[in-house]
Amino acid sequence: MTFHLPAGKALGGPYIVDVTPEKAGWGYSSLRILELPPGGTHSFETGDSEWIVVPLSGGCTVAAADDFGRETFELRGRPDVFSGVSDFAYVPRDARATVTSTAGGRFALTGARCTRRLPARYGPASEVPVELRGTGNCSRQVNNFGAAGVFECDKLIAVEVITPGGNWSSFPPHKHDEHRPGEESVLEEIYYFEFAGHDGIPGLGYQRVSPSGPGRDTDVLAEVRDGDVVLIPDGWHGPSMATPGHHMYYLNVMAGPEAERAWLICDHPDHAWVRDTWPDQPVDPRLPLYTAPETSA
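Just so we're aligned, residue 111 is where the sequence shown starts under my numbering, counting upward by one.
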């Protein structure tokens, strides 16, 4: 299994990234990245998965149609992931989704196999909680648009993380690959990366995943760049390191077999103490890069 997929290595059909459960070798999590030209449109069957469509750059219209009717949502989007929170649309399983963009853009389709069929819905940018997590050089910003307890889904959990240049995120290393009620949940995870350039020079970062026990032997040390994907079926993951001068963005998509949709993690015992140092340090003053707008208009 190849867990690091550099840009261009996860192509599939119309998608510049196409990670399905079958391709990843697991049971639930999916990610597609769709690029549309001005006036472009793309339709797909949702099948046995629920999906959240979130613009990475540009805006679009998302239509969801099934035997119960048709819903259409206008997504204002954003210029890029470093300039603002985006609105989004939820499309249920067993439906047909159509994404259309007048000006063109790049759109993430985050998906998870699921059982329940929930209604199609619009998620305004104004209701996305923007969290500052960690302090010092572990400071990062989390846009919790599809987090458990924030937006209802059956299985899907999806969030965005922005790490200022020079900082470490996904730290302390943590895992979620064992069923331990109330303490840890089993979740497959996808990381999709983008970076802020500087004077025309592209950014880059590094991602580490290490084995967490017998039968959980995922091992990755990857230099990651724009459009790269890292698959995490199990293991301690972190740090995600942003090189100085280049802010790092990653989109996390998670899902798993648990009856309860929850993000329950276990910190690596060698590094868990780092959390105890956070109250003694200030949050990186560069954060937040932005906050959610006060209204969805």
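Just so it is clear, CB atoms sit at the ideal spot from N, CA and C, and this is done for glycine as well.
Quick caveat, the model's predicted, so the values are computed rather than measured.
Asked, Found
"Contact set for V201: own chain, Cβ-Cβ below 6 angstroms, skip 5 residues either direction", "T156, W161, A174, A207 and A230"
"Residue environment, E270, which counts as buried when at least 16 other CB atoms sit within 10 Å", "buried"
"Neighbourhood of P389 by C-beta, 8 angstroms cutoff - its chain only, sequence neighbours within 5 removed", "T245"
"Cα-Cα separation between A218 and Y125, rounded to whole angstroms", "10 angstroms"
"Proximal residues to P116 (C-beta, below 6 angstroms), its chain only, five neighbours per side dropped", "D338"
"Min CB distance T273 to chain D below 9 angstroms", "Among the chains of the structure shown, chain D does not appear; only one protein chain is present."
"Span of the beta strand (DSSP E), counted from its first residue to its last, around D176", "S159 to D176"
"Opening and closing residue of the alpha helix (DSSP H) in which R385 lies", "V384 to T387"
"Under the three-state DSSP convention, the category D390 falls into", "helix"
"Exposure of W383, with buried meaning 16 or more beta-carbon neighbours within 10 Å", "exposed"
"Range of the contiguous beta strand (DSSP E) that encloses A257", "It is not in any beta strand (DSSP E) - A257 carries neither H nor E in the DSSP assignment."
"Cβ pair count under 8 angstroms reaching 3, the stretch 298-305 against the stretch 331-350", "yes"
"DSSP-derived helix/strand/coil call for G246", "helix"
"Contact check, T220 vs L141, beta carbons under 9 angstroms", "yes"
"Spatial neighbours of G118 in its chain, beta-carbon cut-off 8 angstroms, leaving aside the 5 residues before and after", "I126 and G337"
"Backbone CA spacing between G325 and F113 [nearest angstrom]", "16 angstroms"
"Cutoff 7 angstroms; reference S159; Cβ partners in own chain excluding five residues on either side", "S140, R203, G221, A222, R223 and C224"
"Y360 versus A205 - alpha carbon distance", "28 angstroms"
"Pair within 9 angstroms by beta-carbon distance, R318 and L297", "no"
"DSSP-derived helix/strand/coil call for K285", "strand"
"P403 versus F305: straight-line alpha-carbon distance, rounded", "23 angstroms"
"R290 burial status per 10 Å Cβ neighbour count (16 or more: buried)", "exposed"
"C-alpha gap between M364 and V172, whole angstroms", "22 angstroms"
"Distance CB(G150)-CB(G194) smaller than 9 angstroms", "no"
"Beta strand (DSSP E) segment containing P349, residue limits", "W346 to A352"
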